[in-house]
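Visitor:
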Amino acid sequence: MECRLDDVDSCTGRGNPAEHRTMSYVGDSIKFVSIGDGLHPELKVWALLPATMEWKKLHELSMATLWGLEGFKNAGLPENLPIHPILSTQQDGVLYLVLPAEEKVEEDIVVAVEEEDVAVTEQRYLFGLDVCNKRTLSSRHLPDSGYLLGFDMFRCLDERCLCPHAAPSTDENGARPIPATRKRKLPSSPSPP
1 MECRLDDVDS
11 CTGRGNPAEH
21 RTMSYVGDSI
31 KFVSIGDGLH
41 PELKVWALLP
51 ATMEWKKLHE
61 LSMATLWGLE
71 GFKNAGLPEN
81 LPIHPILSTQ
91 QDGVLYLVLP
101 AEEKVEEDIV
111 VAVEEEDVAV
121 TEQRYLFGLD
131 VCNKRTLSSR
141 HLPDSGYLLG
151 FDMFRCLDER
161 CLCPHAAPST
171 DENGARPIPA
181 TRKRKLPSSP
191 SPP
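According to the UniProt record's numbering, numbering within the sequence shown proceeds without interruption in unit steps and concludes at 193.
(1) In angstroms, rounded to a whole number, what distance separates the CA positions of T136 and E54?
(2) Whose C-alpha, out of K134, G128, E70, V26, is nearest the C-alpha of H84?
(3) Tell me which residues share the same chain as S29 and place their Cβ nearer than 8 Å to its Cβ, disregarding the 5 neighbours each side in the sequence.
(4) Please name the residue, chosen from S138, L97, R140, that lies closest to R21 on a Cα-to-Cα basis.
(5) Taking the C-alpha atoms as reference points, what is the distance between I86 and G76?
(6) Is there a C-beta anywhere in chain C that falls below 7 Å from the one on Q90?
(7) Rounded to the nearest angstrom, what separates N133 and G93 at their Cα positions?
(8) For K134, name the three-state secondary structure that DSSP assigns.
(9) Look at E79 and E60 and say whether their C-beta atoms are less than 7 Å apart.
(10) For G27, collect the residues of the same chain with a Cβ closer than 6 Å to its Cβ; drop the 5 residues on either side in sequence, then sort them by chain order.
(11) Near L58, what residues of its chain come up, given a Cβ to Cβ distance below 7 Å and the 5 sequence neighbours on each side ignored?
(12) Which same chain residues end up closer than 7 Å to L99 when comparing Cβ atoms and leaving out the 5 residues on each side of it in sequence?
(13) With distances taken Cα to Cα, identify the nearest neighbour of L142 among Q90, A101, S88.
(14) For S24 and T89, which I take to be in contact (beta-carbon distance under 8 Å), what is that distance rounded to the nearest angstrom?
(15) What residues are listed by DSSP as bridge partners for H59?
(16) As a quick exercise: from K56, L95, E70, pick the residue whose alpha carbon is nearest that of I35.
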């Protein structure tokens, strides 16, 4: 099977592959994720086989299947094309993806809202996906801002921040409060001499 890495998305003509693709060293192989946004959008995961130096497709998931997952529906996530995939280097088969709350239409093609067009009030979500078992692991509303920086993303991947759907107590943003035993005392101010 062939894994094509074109510079420009053939369907939309966009030249921003980082928005719909990622590559990382996971376990003992290099993995590649591609989110296609053609007529029947799919998420595909490939692995580079070291022995043959060929790509092998490991997983394929249509957006219809993703949107139909029980955890996806229960979390109330919008049925939009995910962007900015991140492969977990800790757990093989786990991806984190961003879901824009809105999509825009360009020349009869639905595409995710680009970062330059994101309104300050637009909601975005980060969710974890186990592609091996086809299940949603967790989800979280991302902070409202015009831009999503890499360190913001990873801060939200922290287990205190990205919580399971059935978390017993969460604040209005979906984050679990830090337990009282973990709160740090602030050092008292030094006394003036």
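Here a beta-carbon is modelled for each residue, glycine too, at the ideal position from N, C-alpha and C.
Guide: In short, the structure shows the following:
(1) As a position in the sequence shown, residue 136 is number 136, starting the count at 1. As a position in the sequence shown, residue 54 is number 54, starting the count at 1. So the two alpha carbons sit approximately 29 Å from each other.
(2) The count along the sequence shown starts at 1 and reaches residue 84 at position 84. Taking only the C-alpha atoms, the option nearest H84 is G128.
(3) Translated into positions along the sequence shown, residue 29 becomes position 29. Around S29: A47, L48, L49, P50.
(4) The count along the sequence shown starts at 1 and reaches residue 21 at position 21. Considering only alpha carbons, the answer is L97.
(5) Your numbering for residue 86 matches position 86 in the sequence shown. Your numbering for residue 76 matches position 76 in the sequence shown. So the two alpha carbons sit approximately 21 Å from each other.
(6) Judged by its chain identifiers, the structure shown contains no chain C, having just a single protein chain.
(7) Within the sequence shown, residue 133 is the residue found at index 133, counting from 1. Within the sequence shown, residue 93 is the residue found at index 93, counting from 1. Using only the alpha carbons, I get a separation of about 8 Å.
(8) Along the sequence shown, read from residue 1 onward, the residue named residue 134 stands at position 134. In this structure, K134 counts as coil in the three-state DSSP scheme.
(9) Here residue 79 refers to the residue found at position 79 of the sequence shown. Here residue 60 refers to the residue found at position 60 of the sequence shown. For E79 and E60, no; Cβs fall outside 7 Å.
(10) Here residue 27 is taken as the residue at index 27 of the sequence shown, counted from 1. Closer than 6 Å at Cβ, skipping near neighbours: D92.
(11) For the purposes of this step, residue 58 is identified with residue 58 of the sequence shown, where counting begins at 1. Excluding positions up to five away in sequence, the list reads V45, W46, A47.
(12) Position 99 of the sequence shown, counted from the first residue, corresponds to residue 99. Excluding residues within five positions, the ones whose Cβ falls inside 7 Å are L77, P78, N80, P82, R124, Y125, F127.
(13) Along the sequence shown, read from residue 1 onward, the residue named residue 142 stands at position 142. Of the candidates Q90, A101, S88, the one whose C-alpha sits nearest the C-alpha of L142 is A101.
(14) As a first step, residue 24 must be located in the sequence shown, where it is residue number 24. As a first step, residue 89 must be located in the sequence shown, where it is residue number 89. With 8 Å as the limit, S24 and T89 qualify as a contact, their Cβ atoms being about 6 Å apart.
(15) For this step, residue 59 is matched to residue 59 along the sequence shown. DSSP lists V45 as partners of H59.
(16) Position 35 of the sequence shown, counted from the first residue, corresponds to residue 35. Nearest option by C-alpha distance: L95.
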